[in-house]
Structure formats: structure tokens, C-alpha cells
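Student: Quick one: the structure is below, and I'll ask about it shortly.
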Amino acid sequence: MVTIKSKKEIELMREACRVVALTYKELEKKIKPGMTTWELDKIAEDTMRSLGAIPAEKGYDIGIRGVPKYPASICVSINDEVIHGIPSKNKIIKEGDIVSVDTVALKDGFHGDAARTFMIGNVSKEARRLVEVTKQAFFEGIQYAKPGNRIGDVCHAIGEYVHSQGYSVVREFQGHGIGKEMHEDPGIPNYGKAGRGIRLEPGMTLAIEPMVIQGKPGILELDDGWTIITEDGSLAAHYENTILITEKGAEILTIL
Ligand code: MF3
Ligand code: CO
Numbered sequence: 618m619v620t621i622k623s624k625k626e627i628e629l630m631r632e633a634c635r636v637v638a639l640t641y642k643e644l645e646k647k648i649k650p651g652m653t654t655w656e657l658d659k660i661a662e663d664t665m666r667s668l669g670a671i672p673a674e675k676g677y678d679i680g681i682r683g684v685p686k687y688p689a690s691i692c693v694s695i696n697d698e699v700i701h702g703i704p705s706k707n708k709i710i711k712e713g714d715i716v717s718v719d720t721v722a723l724k725d726g727f728h729g730d731a732a733r734t735f736m737i738g739n740v741s742k743e744a745r746r747l748v749e750v751t752k753q754a755f756f757e758g759i760q761y762a763k764p765g766n767r768i769g770d771v772c773h774a775i776g777e778y779v780h781s782q783g784y785s786v787v788r789e790f791q792g793h794g795i796g797k798e799m800h801e802d803p804g805i806p807n808y809g810k811a812g813r814g815i816r817l818e819p820g821m822t823l824a825i826e827p828m829v830i831q832g833k834p835g836i837l838e839l840d841d842g843w844t845i846i847t848e849d850g851s852l853a854a855h856y857e858n859t860i861l862i863t864e865k866g867a868e869i870l871t872i873l
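As C-alpha cells, then:
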């Protein structure tokens with residue numbers, strides 16, 4: 618069921634999303650080569666808690682038998698890691714890496730969700746283009762996120778743009794509605810047919826999240842039960858914001 622948020626609920630969504638935006642401000646300031654992904658996790662957790670929120674990914678149960686609960690506060694995925702990388706004291710961020718961070722804050726019963734791919738120092742031209750295209754894919758998609766359009770219009774725009782740039786989208790994971798639950802209906806793939814799926818209405822809150830692979834589209838899951846890597850070893854990037862559908866179009870809640 619797709620939920621339409623009331624005025625009051627929209628204010629709570631705004632606040633949860635503001636926490637996520639402020640967390641990224643902090644991470645952007647502090648992320649440096651030589652740091653561990655564990656340190657990044659602590660910065661994010663402390664920021665969220667200091668703002669009265671909790672890191673909703675910690676202990677998250679994806680509901681698949683045998684998959685452990687998510688053990689950290691954020692996801693940190695480096696280079697060929699696509700999503701759901703688990704922060705670790707042994708994992709050091711290096712000059713030239715691209716580091717995808719995915720953060721969900723829960724405050725007063727509502728979730729805000731966003732992802733960014735940070736470029737550490739001087740990254741290769743190829744890596745930079747991948748990161749830029751992934752971000753632009755989000756903006757290409759949300760041009761279609763307005764009342765009367767269908768969710769497939771957004772999905773289609775994202776997929777077409779990514780493919781036009783010579784990259785692949787991840788097909789096994791998708792964006793989603795968001796609110797009281799981290800993952801609500803509808804599912805929002807990063808590809809699809811225009812004119813298909815639910816009609817967008819004011820008051821819907823959606824997490825739109827292009828996950829883009831430099832090479833071929835396949836992915837693999839590591840033995841930790843979480844980390845997703847590219848099958849061909851090529852780079853991957855992730856960019857996500859929580860948006861609100863208004864009468865006029867999409868309002869991005871996780872950018873201040
Ligand atoms: N934040 C992710 C998303 O964009 C979900 C991560 S799974 C978790 O939907 F276990 F880490 F929470
Ligand atoms: Co999400």
C-alpha cells in the first residue's frame with residue numbers, strides 16, 4: 618500500500634530527512650584518506666543521535682532466512698562494492714577511492730534515507746564521470762516525479778540516461794516509498810517502462826536511488842550476507858535522496 622502523508626507527517630519526514638542531510642555535511646567535512654570505515658560509522662551515528670534520531674540501519678532485518686541483522690549504523694561501499702558494505706576497523710579509505718555511503722535516520726517515528734558517493738582526493742577521470750552520471754541520473758528521474766505522472770516515468774528516465782552514458786543499472790535492488798517504515802510501496806527500479814506503475818500524488822514520500830555500475834550489470838553477494846560487489850570488478854556508485862511529491866513536482870527533503 619502506498620501511503621499519503623498528512624501535513625503533520627510531512628513535517629516529521631522533513632525533520633528525519635534534515636538529520637540525514639546534516640549527517641552528510643559532517644561526513645563530507647571529515648572523510649579523509651587513512652580513516653577507517655568504522656570511524657565514518659561512528660561520526661554518522663554520533664551526529665544522528667546528537668540530533669535526536671537513531672541510525673535505522675543498525676539491527677535492520679531484511680527478512681530473509683539466514684541473513685543476519687545489519688550490524689552497523691551506516692553502509693559504506695568502496696570502489697567495486699555497490700551497496701551494503703559493512704563498516705570495519707580493518708577497512709581503510711585511500712586516496713583515489715570512491716566511497717558510497719547510505720544513511721537512514723529514524724526520528725519521531727519517521728525515516729529519512731539518502732546515499733552519496735564521495736570521491737577521495739584525486740580520483741581517476743573514469744571514476745569521476747561514473748559518480749557524476751549516477752548523481753545526474755537521480756535528477757533526470759525526478760523531473761518526472763510529479764502528480765499525474767506514473768512511477769514508471771521516473772524509472773524509465775533513470776535507466777535511459779544511465780544507459781545513454783554507457784553504464785549499467787543494478788537490477789536486483791531498487792528505490793522505495795518511505796515513511797513510518799524504511800521500505801514502503803512502491804518499489805522503484807532504476808529502469809522500466811514509461812507510463813507504467815502507480816500514479817504519483819501529492820503527499821507521497823519516495824527514496825529514489827540510482828545504483829550504477831561502470832561495466833556489466835551483474836552483482837555478487839559476499840559471505841558476510843550483506844556486501845554487494847560488481848561481478849566484473851568494475852566500479853559502482855550510488856546516489857539517493859528522499860523526495861516529497863507536491864502539487865508542483867518533487868521536493869528533495871535530504872538536501873538542505
Ligand atoms: N538504506 C538502504 C536503502 O536505501 C537500505 C540499507 S539495508 C540496511 O534502502 F540494512 F542497511 F539497513
Ligand atoms: Co533507500
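Quick note on this note's numbering: the sequence shown kicks off at 618 and runs consecutively.
Where is the CB? At the ideal position from N, CA and C, for every residue including glycine.
Remember, predicted model here, so these are calculated numbers, not experimental data.
Any heavy atom of the ligand CO closer than 6 Å to the CB of A824?
Tutor: It does: the Cβ of A824 is within 6 Å (strictly closer) of some heavy atom of the ligand CO.
Student: Just checking E662 against the ligand MF3 - is the residue's beta carbon closer than 6 Å to any of the ligand's heavy atoms?
Tutor: False, no ligand heavy atom lies under 6 Å from that Cβ.
Student: Any chance you could list the beta strand (DSSP E) runs of at least 3 consecutive residues sitting entirely within the segment 751 to 837, in chain order?
Tutor: Complete beta strand (DSSP E) runs here, min 3: 792 to 794, 801 to 805, 822 to 825, 828 to 830.
Student: Leaving out five residues on either side along the sequence, give the residues of the same chain with a beta carbon under 6 Å from the beta carbon of K865.
Tutor: Here the set comprises nothing.
Student: How about A824 and K724: do their beta carbons lie closer than 7 Å?
Tutor: Taking 7 Å as the Cβ cut-off, A824 and K724 do not qualify as a contacting pair.
Student: Would you identify the three-state DSSP class for T653, choosing helix, strand or coil?
Tutor: In this structure, T653 counts as strand in the three-state DSSP scheme.
Student: Considering only their Cβ atoms, is the gap separating E838 from E857 smaller than 7 Å?
Tutor: Going by C-beta atoms, E857 is not nearer than 7 Å to E838.
Student: In chain order, what residues of the same chain have a beta carbon less than 8 Å from the beta carbon of G713, not counting five sequence neighbours either side?
Tutor: These residues qualify, in order along the chain: I737, G738, N739, V740, S741, A744.
Student: Bridge partners for D719 per DSSP, in chain order?
Tutor: D719 pairs with C692, A732.
Student: Name the DSSP bridge partner or partners of I671?
Tutor: DSSP output for I671 lists L723 as bridge partner(s).
Student: According to DSSP, simplified to helix, strand and coil, what is E743?
Tutor: Looking at E743 - three-state DSSP - the assignment turns out to be helix.
Student: Is the closest heavy atom of the ligand CO to the C-beta of D678 under 6 Å?
Tutor: No - the ligand CO has no heavy atom lying nearer than 6 Å to the Cβ of D678.
Student: Return the residue from the list T822, M821, L852 that minimises the CA-CA distance to I836.
Tutor: With distances taken between Cα atoms, I836 lies closest to L852.
Student: For chain C, find out if any of its Cβ atoms is closer than 7 Å to the Cβ of M828; answer yes or no.
Tutor: Of the chains in the structure shown, none is chain C; there is only one protein chain.
Student: Which class does I627 belong to by DSSP, given the choice of helix, strand or coil?
Tutor: Note: I627 maps to helix in three-state DSSP.
Student: Mark R813 as exposed unless 16 or more other C-beta atoms lie within 10 angstroms of its C-beta, in which case mark it buried.
Tutor: The residue in question, R813, is exposed, as its Cβ has fewer than 16 Cβ neighbours within 10 Å.
Student: Following the continuous beta strand (DSSP E) through L870, name the residue where it begins and the one where it ends.
Tutor: Taken as a continuous stretch (DSSP letters only), L870 belongs to no beta strand (DSSP E), as it is neither H nor E.
Student: Let me check one thing: in DSSP terms, what residues is T859 bridge-paired to?
Tutor: Beta-bridge pairing links T859 to A824.
Student: Give me the Cα-Cα distance between D841 and R767, rounded to the nearest whole angstrom.
Tutor: Between D841 and R767, the C-alpha separation is close to 37 Å.
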